[in-house]
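Undergrad:
In the UniProt record's numbering, the protein residues as written are 1 to 605.
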């Protein structure tokens, strides 16, 4: 039943040879990898206005020069990451760049920041998408957490079905969003040009003495949240069709152009219409209503905005599994993240991402706005480390034209470092947790790596010296009575060794006497050892008996515990039986180097 449900939801398993068919061209990759960056159009301007409105409505005109500064930073990042793509065509972005040029600790900081950022991306995007829906349909506000969780489940299933299939489905709403925002910007621009600035708009260039540099820097750092997701393309180069680096660089440039045009367009419209932050209506909702009224076009824009905010999380579903695969390959994350699922995606990474983000949504009750500063600073740390790593690479390698490349990355590093510091100083009350959480994540990575290295050292052999030792086999069969299950187990044991012992642990003298009598009558050719348990425990006497056997035979024999177990015809019948065999196996599997084997006997009724 579960297998059929899995096939319906996820699809049939794919052969490993079909992996090349899961690669993406530019247009599908743009849809999958740019959804996070493009979605920031829906809240980037709003984040700037939320800070500026503290200084009064007249201060909102500062949103225009601040947005232009953010646009300049976007240009720097696009050119910087294009260089990273060509220098590191295997993907991995900031993690690989830092590992290659800055050392282990820096790479773990970059990798940890990005992994946490991707989890925050899913939580913030699903919650922001829910806000867009509840802006249009206020009656759904009480169900915001449920709506966000439904979207996370939907994205999980889509990504478990494979990259190509999810790209084909999810590309439609993403390109519809781009088209709708383009129509909104053009229509709104024409309306403002034809009718003049809205009377409610703040006067551009008004000097306000109470607007501090600190406030402007805080607004600028908030606007930089629009740049999250820019690095996703450089992380996911292995997902591109060949030539992968050329296609990735083209996709990144195209994404930058679209993002820049939409971001500055929405900011100008917000200024022209005199839009101010409203807890019940997003900035795009207000612009769309001012341009089209509450007609069908308004609801289309609200609908596709909600979709793009939900689908922004899909960028994380592409990048998180790849980055976790690379870190697992380097032994800094559990090896389960290296395993491809039925549809050739890294299923464990996808599921882990979904679970963690869902916990955040539930924990914050769908109100993840307070996570946005943490979300943004989490991505600017790897931005900075990536630029610094590329600077060191150009100085070491000195390829053709390296001076200009060094200049680009130097400007990028100084800019992103400045933004990181601005974030920390202007929003310390919201970002301080990263100074505790990030070192903790790096510590966990190092402990995982140390564990894998220790295990490798302990398991490693010298193939010239170490050879398997030939030993005998002493078999112990715990029995609770004389049944077909026990008979089947003894039959199997006698094919393996002549040293077979049955062990019966009784709780009272009468039960022990009856068991000894029946065993003698049955006479299966195997000696029965009986132990009385005064405290009705099975594990204690069993452990003592195995210790005795090991003391006598460890030098010459392996010790095998054969556990008889009957398998019921229907799964629900298991709860009707004492699960002693499971407890014995769970206990013994962690007990020294004894071999624990279950001998099944299937029931027909």
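Ideal Cβ positions, reconstructed from N, Cα and C, are used throughout, including at glycine.
Predicted, not measured: the structure shown is a model, and the values here were computed from it.
Would you tell me roughly how many angstroms separate the C-alpha atoms of residue 612 and residue 467, rounded to the nearest one?
TA: A query on residue 612 cannot be resolved here, the shown segment of the chain reaching from 1 to 605 and no further.
Undergrad: Would residue 485 pass as a contact of residue 502 if the rule is Cβ separation under 7 Å?
TA: For the purposes of this step, residue 485 is taken as residue 485 along the chain shown, with counting starting at 1. For the purposes of this step, residue 502 is taken as residue 502 along the chain shown, with counting starting at 1. No, these two residues do not count as a Cβ contact at 7 Å.
Undergrad: Please check the pair residue 271 and residue 64, which I expect to be a contact at CB under 8 Å, by giving their CB distance rounded to whole angstroms.
TA: Taking the first residue of the chain shown as 1, we reach residue 271 at position 271. Taking the first residue of the chain shown as 1, we reach residue 64 at position 64. Going by Cβ atoms, the distance from residue 271 to residue 64 rounds to 5 Å, so yes, they are a contact pair.
Undergrad: Using a Cβ-Cβ cut-off of 6 Å (strictly less than) and excluding sequence neighbours within five positions of residue 147, which residues of its own chain qualify?
TA: Residue 147 sits at position 147 when you count from the first residue of the chain shown. Excluding sequence neighbours, residue 147 sits near 130.
Undergrad: By Cβ distance, which residues of its chain are closer than 6 Å to residue 417, with the 5 residues on each side in sequence left out?
TA: Position 417 of the chain shown holds residue 417. Contacts found: 384.
Undergrad: Verify whether the separation of the beta carbon atoms of residue 563 and residue 531 is less than 7 Å.
TA: Along the chain shown, one-based indexing puts residue 563 at 563. Along the chain shown, one-based indexing puts residue 531 at 531. No.
Undergrad: Just to confirm, is the Cβ distance from residue 126 to residue 428 under 7 Å?
TA: As a position in the chain shown, residue 126 is number 126, starting the count at 1. As a position in the chain shown, residue 428 is number 428, starting the count at 1. In this structure, residue 428 does not lie closer than 7 Å to residue 126 by Cβ.
Undergrad: Alpha carbon to alpha carbon, what distance is there between residue 246 and residue 47?
TA: For the purposes of this step, residue 47 is taken as residue 47 along the chain shown, with counting starting at 1. For the purposes of this step, residue 246 is taken as residue 246 along the chain shown, with counting starting at 1. Rounded to the nearest angstrom, the two C-alpha atoms are 34 Å apart.
Undergrad: Quick check: the stretch 292-300 against the stretch 259-279, are at least 3 beta-carbon pairs closer than 8 Å?
TA: As far as the Cβ criterion goes, the stretch 259-279 does not touch the stretch 292-300, which means the pair count is below three.
Undergrad: If you scan the stretch 212-265 from start to end, which runs of the alpha helix (DSSP H) of 4 or more residues do you find wholly inside it?
TA: If we require 4 residues or more, the alpha helix (DSSP H) runs fully inside the stretch 212-265 come out as 213-223, 232-235.
Undergrad: Ends of the beta strand (DSSP E) at residue 560?
TA: By 1-based counting over the chain shown, the position of residue 560 is 560. Residue 560 -> beta strand (DSSP E) spans 557-567.
Undergrad: Shortest alpha-carbon distance to residue 275 belongs to which of 290, 595, 535, 261?
TA: As a working note, residue 275 is residue 275 in the chain shown. Comparing Cα-Cα distances from residue 275 to each of 290, 595, 535, 261, the minimum goes to 290.
Undergrad: Is residue 552 buried or exposed, if buried means 16 or more other CB atoms sit within 10 Å of its CB?
TA: Reading the chain shown from its first residue, position 552 is the one you call residue 552. By the neighbour-count rule (16 or more Cβ atoms within 10 Å), residue 552 is not buried but exposed.
Undergrad: Residue 335 by DSSP, collapsed to three states: which one?
TA: Translated into positions along the chain shown, residue 335 becomes position 335. Residue 335 falls in the helix class under three-state DSSP.
Undergrad: With three or more beta-carbon pairs closer than 8 Å as the criterion, would you say the stretch 316-325 touches the stretch 107-118?
TA: A contact exists between the stretch 316-325 and the stretch 107-118.
Undergrad: With distance defined between alpha-carbon atoms, name the residue in 190, 119, 555, 95 nearest to residue 469.
TA: Numbered from 1 along the chain shown, position 469 holds the residue referred to as residue 469. Per the Cα distances, 555.
Undergrad: Using the C-alpha atoms, what's the distance from residue 352 back to residue 430?
TA: Within the chain shown, numbered from 1, the residue matching residue 430 stands at position 430. Within the chain shown, numbered from 1, the residue matching residue 352 stands at position 352. Taking the straight line joining both Cα atoms gives about 25 Å.
Undergrad: Any contact of the stretch 385-393 with the stretch 345-364, i.e. 3+ C-beta pairs under 8 Å?
TA: Flag = no, the stretch 385-393 and the stretch 345-364 do not touch.
Undergrad: Considering only residues of the same chain and omitting the five flanking positions on each side of residue 176, which have a CB-CB separation below 6 Å?
TA: As a working note, residue 176 is residue 176 in the chain shown. Once the five neighbours on either side are set aside, the close Cβ partners of residue 176 are 304.
Undergrad: Between the alpha carbons of residue 134 and residue 151, how many angstroms are there, rounded?
TA: In the chain shown, the residue the question calls residue 134 occupies position 134. In the chain shown, the residue the question calls residue 151 occupies position 151. Straight-line Cα distance between these residues: approximately 14 Å.
Undergrad: Can you name the start and end residues of the alpha helix (DSSP H) that residue 473 belongs to?
TA: As a working note, residue 473 is residue 473 in the chain shown. Looking at the DSSP string, residue 473 is not in any alpha helix (DSSP H); the run it does join, the beta strand (DSSP E), is 472-479.
Undergrad: Report the residue from 583, 568, 584 whose alpha carbon sits nearest the alpha carbon of residue 603.
TA: Taking the first residue of the chain shown as position 1, residue 603 is located at position 603. The option with the nearest alpha carbon to residue 603 is 568.
Undergrad: Indicate the three-state DSSP secondary structure (helix, strand or coil) for residue 532 in the structure shown.
TA: Counting from one through the chain shown, the residue named residue 532 turns up at place 532. Three-state result, residue 532: strand.
Undergrad: Does the stretch 224-238 come within contact of the stretch 80-95, defined as at least 3 CB pairs closer than 8 Å?
TA: Taking 8 Å as the limit for Cβ pairs, the verdict is that the stretch 80-95 does touch the stretch 224-238.
Undergrad: For residue 210, which of helix, strand or coil comes out of DSSP?
TA: What you label residue 210 is simply residue 210 of the chain shown in a count that begins at 1. Of the three classes helix, strand and coil, the one that applies to residue 210 here is coil, per DSSP.
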